[in-house]
Each structure stands twice: as structure tokens, then as C-alpha cells.
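Rendered as C-alpha cells:
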């Protein structure tokens with residue numbers, strides 16, 4: 001099984017050198033089905049982690065591996081659905097720094113009232 005870093009390195013190499021994944025895997029003598037199986041596994045892990053109210057795990061080293069790109073087949077073609085929110089919620093990314101210097105990033109569906117509460121709580 002390939003690691004997440006190996007998959008991302010291969011993705012970057014193929015994009016940079018404009019070659020197919022299959023050709024690159026043949027150069028490295030890696031069975032292409034192992035690559036696609038591992039890529040699918042990590043993509044499913046990434047999609048299951050992103051839920052409201054969950055923390056993002058950060059690496060302690062210098063290199064923080066990125067997410068596995070989504071499959072082209074999962075993207076919706078054609079007319080996009082309009083998202084309407086009855087309570088004024090919208091998906092936002094907010095970065096805050098408290099007076100004592102603690103920095104945080106919060107992502108998710110938020111209402112204006114929730115944002116006001118976040119800002120007032122960070123001024124402690």
C-alpha cells in the first residue's frame with residue numbers, strides 16, 4: 001500500500017511533467033491498481049474527517065501532507081443546485097487571534113449570531 005506522501009508526490013510529478021499516472025507508475029514499477037486503491041482509501045478518509053465540530057489534526061513535522069484530490073467522476077456535471085439557507089447560515093473560514101496570542105481557525109456553517117459569539121469569546 002502506498003503512503004499518502006507517495007501518492008501526493010506522484011500527483012505533483014505527473015502534473016509538473018505533464019505525463020499520465022499510468023506511465024509514471026510503470027516507470028516506478030508500481031502496479032497501477034495499488035496506486036488507485038490507496039488513492040481511493042485516502043480520499044474517503046479525507047472526506048469522512050471533514051464534519052462540523054471536528055478538529056483538524058496537524059503534523060508536528062515540517063511537512064504537512066495535503067489532501068488527496070477528489071476524483072473527477074465525483075464532480076457534478078451540468079446544472080448546479082442552488083443552496084438556500086433558511087437561517088442565514090453560510091460556510092465560512094474564520095481565523096482569530098486572542099489577546100494572549102493564541103491563533104485559531106474555525107470552519108463550518110455559521111450564522112451571524114454565532115460569529116458574534118465567537119468574536120466576543122475570543123476577546124477574553
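Numbering (this note's numbering), first residue to last: 1 to 124. Cβ coordinates follow ideal geometry from the N, Cα and C atoms, glycine included. Nothing here was measured: the structure is a model prediction, and the numbers come from that model.
In three-state DSSP terms, what is residue i?
i, result
"residue 47", "helix"
"residue 3", "coil"
"residue 117", "helix"
"residue 89", "coil"
"residue 24", "helix"
"residue 14", "helix"
Could you pull the DSSP bridge partners for residue i from this structure?
i, result
"residue 122", "Answer is none; residue 122 lacks a bridge partner."
"residue 105", "95"
"residue 110", "90"
Taking residue i as the reference, which of the options has the closest Cα?
i, options, result
"residue 24", "38, 37 and 9", "9"
"residue 101", "122, 108, 34 and 13", "122"
"residue 42", "109, 119, 112 and 5", "5"
"residue 104", "93, 114 and 33", "93"
"residue 2", "89, 108, 37 and 88", "37"
"residue 11", "31, 29 and 35", "35"
"residue 89", "115, 22 and 95", "115"
Cβ of residue i within 6 Å of any heavy atom in the ligand SAM?
i, result
"residue 13", "Of the ligands one can find in the structure shown there are none, so the ligand SAM has no counterpart to examine."
Where does residue i land, buried or exposed, given buried means 16+ other C-beta within 10 angstroms?
i, result
"residue 7", "buried"
"residue 62", "Because residue 62 carries a pLDDT of 49, less than 50, the predicted location of this residue cannot be relied on, and the following value inherits that uncertainty. Exposed."
"residue 39", "buried"
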